Amino acid sequence: MDRINLDTKARDRAARIGAAREALGTRLTGRQVETDAIVDLLHAVLKPGDRVCLEGNNQKQADFLAKALVRLDPARIHDLHMVQSVLALPEHLDVFERGIASQLDFSFSGPQGARLAKLLSGGRVRIGAIHTYLELFSRYFVDLTPKVSLIAA
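If you read the sequence shown in the numbering used here, its first letter stands for residue 1, the second for the next number, and so on.
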């Protein structure tokens, strides 16, 4: 990467953080956001077409994040490129049905496999690739780097 590219990314990140501060006001304290402000936060930091990583699918917090994504307004946030290891929750595919996301790179769809096949055949989702876990996690740092990461830890 050249210096211009790094500066552009830094400015974009700062602008998104500034938009979050402006949208949330007192509901944002340092790096903590009130739970009822999650949709406003996502509307402030996401842009149409962003690549978004959603990880931590077996945890309560990841369930919270997946449900928040589904609540976004598809007129404002759409065509997201989702990158995530596992499609475990119905909400992981609800974002495609609602038009919030349009492209997917993933590793495992187990519980949502049949539904994913229906969405694929109906043209509601485009699959970039089905990866091994190691390949997907490696590509997060190479060519599938997310613009926004929603991580539950």
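Cβ coordinates follow ideal geometry from the N, Cα and C atoms, glycine included.
Please read these numbers as outputs of a predicted model, since none were measured by experiment.
First and last residue of the uninterrupted alpha helix (DSSP H) at residue i
i      : result
Leu120 : 113-121
Arg139 : 133-139
Ala75  : Note, Ala75: premise wrong, no alpha helix (DSSP H); not H, not E.
Val38  : What sits at residue 38 in the sequence shown is Ile, not Val. Taken as a continuous stretch (DSSP letters only), the alpha helix (DSSP H) holding Ile38 covers 38-45.
Glu91  : 91-97
Coarse secondary structure for residue i, derived from DSSP in three states
i     : result
His81 : strand
Gly25 : helix
Ala88 : coil
Counterpart residues of residue i in DSSP-defined beta bridges
i      : result
Ser107 : Looking at the DSSP assignment, Ser107 forms no beta bridge with any residue, so it has no partner.
Glu55  : Ile151
Contact belief for residue i with residue j at Cβ below 8 Å, rounded distance in angstroms
i      : j      : result
His92  : Ala129 : Contact doesn't hold; Cβ gap of about 17 Å is too wide.
Ile100 : Leu54  : Not really, about 12 Å apart at Cβ, beyond 8 Å.
CA-to-CA distance, residue j to residue i, given in whole angstroms
i      : j     : result
Ser109 : Val86 : 6 Å
Leu144 : Val83 : 8 Å
Val39  : Ala68 : 6 Å
Asn5   : Asp12 : 11 Å
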